[in-house]
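Some notes on the structure that comes next.
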Amino acid sequence: MRLKKIVEAADAVAVIHAGDTVASAGYGGNGTPDQLFFSLEQRFLETGTPRDLTLVFSTGQGDMKDKGLNRLAHEGLVRRVIGGYFGLSPRIERLIVENRIEAYNLPEGVMTQLYRDIGARKPGTLSRVGLGTFIDPRQDGGRINARTSKGRP
32 MRLKKIVEAA
42 DAVAVIHAGD
52 TVASAGYGGN
62 GTPDQLFFSL
72 EQRFLETGTP
82 RDLTLVFSTG
92 QGDMKDKGLN
102 RLAHEGLVRR
112 VIGGYFGLSP
122 RIERLIVENR
132 IEAYNLPEGV
142 MTQLYRDIGA
152 RKPGTLSRVG
162 LGTFIDPRQD
172 GGRINARTSK
182 GRP
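Structure below.
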């Protein structure tokens, strides 16, 4: 069966299940899948599902208020975030600072290159970026709060 390339946001979020990983791209409001985030938030508020998602994003996605990743800042909806920049998502930041979700911070450029590699069906990228800093796996591995355990994200 061939999948449609374009679907309604509600249909797209219907296939997201508890514990899934949701990756997104875009910066600010540019290219950010805000309608998808809106539909996902509405589904969670109405049904309580999905729960315990991992969000992966390379750059800031939001308006520093209500849009973008801010829509997903509900305890129970998100369990973990792996991001390159959190500054446009103060609601996500609050969940991190209050140790209500796990959080990793990785270099924006490395994450963006990883997206490119995935799209090109390449195995990934090795980079020296972040070595010797808190992002280095031999140090904190990008963990940015006490709730986040040692190990891989």
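Residue numbers in the sequence shown follow this note's numbering, run continuously in steps of one, and reach 184 at the last position.
Backbone N, C-alpha and C fix where the C-beta goes; we use that ideal spot for every residue, glycine too.
As a quick exercise: from Asp-148, Glu-139 and Arg-178, pick the residue whose alpha carbon is nearest that of Val-160.
Numbered from its first residue, the sequence shown carries residue 160 at position 129. When each option's Cα is compared against that of Val-160, the closest is Glu-139.
Status (buried if at least 16 other CB within 10 Å, exposed otherwise) for Ala-104:
The residue given as residue 104 occupies position 73 in the sequence shown. The residue in question, Ala-104, is buried, as its Cβ has 16 or more Cβ neighbours within 10 Å.
For Val-109, three-class secondary structure by DSSP
Here residue 109 corresponds to residue number 78 of the sequence shown, with the count starting at 1. Correct three-state label for Val-109: strand.
CB contact flag (Gly-50, Thr-85, <9 angstroms):
The sequence position of residue 50 within the sequence shown is 19, counting from 1. The sequence position of residue 85 within the sequence shown is 54, counting from 1. Contact flag set, yes.
Pull up the distance between the alpha-carbon of Leu-71 and that of Val-44, whole angstroms please.
One-based indexing of the sequence shown puts residue 71 at position 40. One-based indexing of the sequence shown puts residue 44 at position 13. If I take the Cα positions, the gap works out to 6 angstroms.
For Leu-84: DSSP bridge partner residues
Taking the first residue of the sequence shown as position 1, residue 84 is located at position 53. Looking at the DSSP assignment, Leu-84 forms a beta bridge with Val-109.
Going by DSSP, what residue range makes up the beta strand (DSSP E) through Ser-55?
Position 24 of the sequence shown, counted from the first residue, corresponds to residue 55. Taken as a continuous stretch (DSSP letters only), the beta strand (DSSP E) holding Ser-55 covers 52 to 55.
Minimum C-alpha distance to Gly-57 - residue among Gly-93, Asn-176, Ile-132 and Leu-157
As a working mapping, residue 57 is identified with position 26 in the sequence shown. The option with the nearest alpha carbon to Gly-57 is Gly-93.
What residues in its chain sit with their C-beta under 8 angstroms from that of Ala-177, if we drop five residues either side in the sequence?
Stepping through the sequence shown from its first residue, residue 177 is reached at position 146. Result list for Ala-177: Asn-130, in chain order.
In angstroms, rounded to a whole number, what distance separates the CA positions of Arg-169 and Gly-62?
Here the question's residue 169 lines up with position 138 in the sequence shown. Here the question's residue 62 lines up with position 31 in the sequence shown. Rounded to the nearest angstrom, the two C-alpha atoms are 34 angstroms apart.
Looking at the structure shown, is Glu-139 part of a helix, part of a strand, or coil, going by DSSP?
Counted from its first residue, the sequence shown places residue 139 at position 108. In the structure shown, Glu-139 sits in a helix (DSSP, three-state: H, G or I).
Cα-Cα separation, Val-87 to Ile-127
Position 56 of the sequence shown, counted from the start, is the residue given in the question as residue 87. Position 96 of the sequence shown, counted from the start, is the residue given in the question as residue 127. Approximately 14 angstroms between the Cα atoms of the pair.
Between Thr-143, Gly-173, Leu-145 and Glu-77, which has its C-alpha nearest Phe-163's C-alpha?
Against the sequence shown, residue 163 aligns to sequence position 132. Note on identity: in this sequence residue 163 is Gly, with Phe being the wrong assignment. When each option's Cα is compared against that of Gly-163, the closest is Gly-173.
Relative to the C-alpha of Leu-137, which residue among Val-112, Arg-152 and Ile-149 is closest?
The sequence position of residue 137 within the sequence shown is 106, counting from 1. When each option's Cα is compared against that of Leu-137, the closest is Val-112.
What is the DSSP secondary structure of Arg-131, counted as helix, strand or coil?
Within the sequence shown, residue 131 is the residue found at index 100, counting from 1. Here Arg-131 sits in coil by DSSP.
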